[in-house]
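Last residue of the sequence shown: 1128 (the working numbering), numbering continuous. Below is one structure, written out as structure tokens; comments come after it.
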Amino acid sequence: MKKRGIVDHLLKRPVTIIMLTLLMVGFGLFALSNLKITLWPSFDIPIVAVSTSYRNVAPEDIQRILVEPIEAAISSVEGIETMDSNSRRGSAFIRLSLFPGTDARRVELDVREAIDRIRNQLPREASQPVIFQFDPESAPIMQLSLQASNRSLDELRNLSVELVEPMLERLPGVAAADTRGGLERTVYVHLNPQRLAQYRVATPEIENALRQNNVQIPVGNLVVDRVSYSVRAEAMYTSIDEIANTIVRRNPDGNPVRISDLAVVEDSFADVATLVEVNGKNSVTIEIQKQSDANTLDVAYAVLDEIEEIQGKLPVGANIQVLTNSGQFIENSIFNLAQSATYALFLVLIILIIFLGGWRASITVALSIPISLAGTFAAMYFTGITLNIISIFGLALAVGLLVDNSIVVLDSIAAKLEAGKSKFQAALEGTNEVKGALVGATLTTLAVFIPILFVEGFTGMIAKDLAWTISLAISFSFITAIVLVPVFSTLFLRTGEFEKKTLALRLFSRFEDRYAQSLRWLLIHRSIGILLFAGVLVATWYLFSITPTENFPQGDSGEISISIEMPTGTNLVQTAGLIREMSEQLVNNENVETVVTNIGSRGWRSDYNLGRISLTLRPDNERTITTDQIALQLRRQFDYPGAQIRVSTGGGGFGGGGFGGSLGAIRLTLIGSDIDILKGISNRIEEVMMQDTLVISVDNPRVNATPELVYRVDRERVSRMGSNISEVGNALKTQTRGTLTGYYREEGREIPIEVRTDQMFRTDREQLDRIELLQVGDQRVPVSSLGSFEAVEGYDTITRRDRETLLDVNIQTVGLGQAQRQQIIELFENEIVLPDGYRYEFTGSFRDQQRSMDSLLNALLFALLLTYMVMAAKFENLTDPFVIMLTVPLGFLGALLLLKVLGTALSVVAGLGMVVLIGIVVNNGIVLLDYVKQYTTDIPQETYMHQFIKAAKRRVRPILLTSLTTICSMIPLALGLGTGAEIWSPLALVVIGGLMLSPVLTLYIIPVLTLTFSSRKRRALDQSIIIESWQNLKKAD
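This is the structure:
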């Protein structure tokens, strides 16, 4: 008894198959409704950072007393590849780049423990170091603004902190709501040096008096009348008068010396660090962070609902509005990609109806798409893959690929029906005939995506979800093609389903006949085919060499960031004047919807000479130019002498900055020991580069000079006075910067108390020299007795890598293709000579692009190797897979031609398209060669030519039809319509370009190469040609 195959079993259990299908669809719908929705996939960025601050301290001191001890402490932590530090006035930032594969969370814990061990070695006044891992999920998902024309800045801030923040933080999924801007109340004790001298009181006495009289001490427990009470001694300040009346000491006559006798106590505000304005009006902003496991869309909707309730509780004249909303971007991106997938499905259905000859056959194949997607959703749910812009694009990309296997199966079944087989027998024989080819084609496609899972860096992070999603979808499409299409064909198709020939089918038949004739001629003149193939290889190589490259394409995000840096030493009023002048121009710009200014801060940096303007543009359908074009206009518009102004686009693109396709940036990092020598080299680079027409500007943002007053302490004098350097330093700090001595409470608020010398006594050098630092016995010791002030020129930033000083030079160029990069490198190497001990590196996006391209190239080569190995196992020989692999450049040629015509750069996203293209091109080759081998095995030599061409002709329709459906499914993605969609356009263009050329070339090149590399087949073909020619001559006679 003949053993029944799996297809035979399945065909005899149609009800079981339908029930299992419905169950899978049900699981898919359940999974889809419960999938977590995020902007990005969940991945660990291999970067851990440490930030801390020490207000108004010079960069040199920040490096010495904060950065160097922290660097020493964490240098022994395993997994750190490079350690970059940035010391600025009042702040320090250390970035730890980890080796690939390192557990960032483990490193974060180790760094935290290492810093905790040295915390007592750091200045008490410095902020607690914050250790954190870079995580896209930790970024604020929304930014709100709060304005009130009838409220002061401190009232506005209090309103936000006391009303808005609590209402937002109570929402499920909200981790924190942080208020930025406004004024914070501070009580200043302004010391009068003359009064201090008169009463012979030293500054430390005042500080100690304030600390000792402002305490809350837990005493213990006390049981009274069988009731247990916790007891505490409390003497916290509750009013300004209490502070002013604090007794510092008593005179010999018993009269008290109070704070009010020595200083003026002022209920004021902290020195303004940051001013926030929205569309030119005073505001505070509230940044909302979600919990790591929360759904971004759910949190965003909850916040929007809560805003309506908050607005009702705000006082008259106050208004809260949404500035940015990641949830809206996600929703728009998902909607646009889903819309593209729907359009693709519609186009594929039309193609199927036109070329399969009827609606029953079309529906049989089209059902593969929703059923495969349902299975994919279920698999995504159980494997933890979220719905994000990467996975959704993978699903949209897979739509055109899902029907490929089903088309091949149905075409084979149709051929059997046309040959007079019954529906059952046609389904059985037709499926078995192509089953082996589909197994090989599916495995090669999966093999193409496996290497992507091992790609390092940001490219690998974003590509993993893409690879998983497509792999899952293609796996389910294979199951659908082998299991469901045969069953559905026995249920839906009629015996004469394909007898009626539509116009499209008749045209297809004519094309097949012409193809057979031309293939016959090419097989006879194989040398022409080989020359054609050689020409394809040369053209592909040439196009690769001239196609410009970029890292990631920038989407039209509708967001622009302008960073401003005034000369170091510029006060806040001057910085605010420039930024407000720029803001006025931007508010009147017809393309701008919202202008948010931060005066006194830029990102994690805070200083009076810094600022940032964040623009939200009008929707792209309400403006005629792109975000990149607007950014370029603003760069040319804002050219102020002495101010460094950078304009960057962000939000929708991967790069998060730069000018997308308009401009490129090359960062050159100089490394050495002497910052002055590095500055000289950077100035020389600027001079050389600005002579090149390719260069737009050269920025040296980290070598600005800053005026400093250095107090040189005379150690011998200090020692003679019976004091020490630390005591002198602390006293001088109180006199100039101020010292925090505690807090006083008012209506539940804690308001800081700071002691410092009144501003009127420290406005010039002479006054500084007369400030009395210490009191030794009855002797008052002025500043000038213990040392001297010296005016020096320092630097606003000290940047180091692995404890070596470095400077970054940013070179803005028009475009960033391979030719431009090479021109910049050659110019640098020919004109710049570095001293011994100094070196350079190309870093930033330039380095990232190089690494991404190298990593992607390695993945491409690995994919080719795996694909070859899978095909070798399938064909059980080494020649046939080699022939198929040689057709890969056929796809690359079409892809590069289309990119060249459209002026699109070869980006990492386009490179991913090349990887996808390998799988499709190879699949076509497998389908063709496997069928040819089936038809030409064990046949007489005299019929070899006829059978070879007949088999190749039989594969024309499935190859061209699968290519056509894939092209149609890519068209909506290639158009890049809607939010976030244009990012993926290069990938779709690569696939479209490759499939416009490769299928036709494959149909000719594979037969030629097969015969070229197989002497047995070549002899059989030549023999059949001779026999056929002899028979034709005999007929002629």
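Idealized CB from N, CA, C, for every residue including glycine. Every value quoted in this text rests on a predicted model; they were computed, and no experiment measured them.
In the three-state reduction of the DSSP assignment, Ser319 falls in the strand class, which pools E and B. Taken atom to atom, the span from the alpha-carbon of Glu650 to that of Ser705 is near 7 Å. With respect to the 8 Å criterion, Arg828 and Asn147 are classified as neighbours on the basis of their beta carbons. For the pair Ala470 and Met115, the CB atoms are not nearer than the 8 Å cut-off. In the three-state reduction of the DSSP assignment, Lys372 falls in the strand class, which pools E and B.
Between Asn523 and Val1000, the C-beta gap is not smaller than 8 Å, which leaves the two residues out of contact.
At the C-beta level, Leu529 and Val499 come within 8 Å of one another. For the pair of segments examined, the segment 974–994 was found to touch the segment 1087–1099: the number of CB pairs separated by less than 8 Å reaches three. The three-state secondary structure of Ile442, taken from DSSP, is helix.
For Asn682, same chain residues with a beta-carbon under 8 Å away, outside a window of 5 residues either side, are Leu708, Arg709, Arg714, Ile716, Ile721 in chain order. Going by C-alpha positions, Glu520 is about 8 Å away from Lys507. Per DSSP, Phe184 is one residue of the beta strand (DSSP E) stretching across 182–189. Distance between Leu113 and Leu987, taken at the CA atoms: about 43 Å. In the three-state reduction of the DSSP assignment, Ile1030 falls in the coil class. For Phe118, same chain residues with a beta-carbon under 6 Å away, outside a window of 5 residues either side, are Ala469 in chain order. In the DSSP assignment, the residues bridged to Ser879 are Arg803. Each of Leu1078, Arg186, Leu123 was checked against the Cα of Ala140, and the nearest Cα belongs to Arg186.
Residue state for Ser739 is assigned as strand, using DSSP reduced to three classes. Under a 10 Å Cβ-count criterion, Leu951 is classified as buried, with 16 or more other Cβ atoms of the shown protein chains found around its own Cβ. Around the beta carbon of Trp450, fewer than 16 other beta carbons sit within 10 angstroms, so the residue counts as exposed.
Beta-bridge partners of Asp269 (DSSP): Glu378. Along the segment 974–1024, the alpha helix (DSSP H) occurs as fully enclosed runs of 4 or more residues at 979–993, listed in sequence order. Thr890 carries a strand assignment under DSSP once its states are collapsed to helix, strand and coil. One alpha carbon belongs to Ala734, the other to Ala667, and they sit about 13 Å apart. Under the criterion of beta carbons closer than 8 Å, Thr896 and Ile766 qualify as touching, at roughly 5 Å. Residue Val1081 holds the alpha-carbon nearest to the alpha-carbon of Leu1066 among Val1081, Leu701, Ser1054. Between Thr685 and Val369 the beta-carbon gap is near 7 Å, inside 8 Å, which marks them as a contact. Secondary-structure assignment with DSSP links Ala140 through a beta bridge to Arg186, Phe223.
Nearest to Glu799 by C-alpha distance, out of Pro577, Gly660, Asp783, Ile615, is Gly660. In the DSSP assignment, Ile655 forms a beta bridge with Gly702, Ile736. Bounds of the alpha helix (DSSP H) holding Met1061 are 1047–1066. Taking 8 Å as the cut-off, the Cβ atoms of Leu1064 and Ala1079 count as close. For Arg585, there is no enclosing beta strand (DSSP E), as DSSP gives it neither H nor E. Every unbroken stretch of the alpha helix (DSSP H) spanning 4 or more residues and falling wholly within the segment 270–350 is given here in chain order: 284–290, 294–303, 331–335. Closest in alpha carbon position to Arg179, among Asp698, Gly813, Arg806, is Asp698. In the three-state reduction of the DSSP assignment, Ile232 falls in the coil class.
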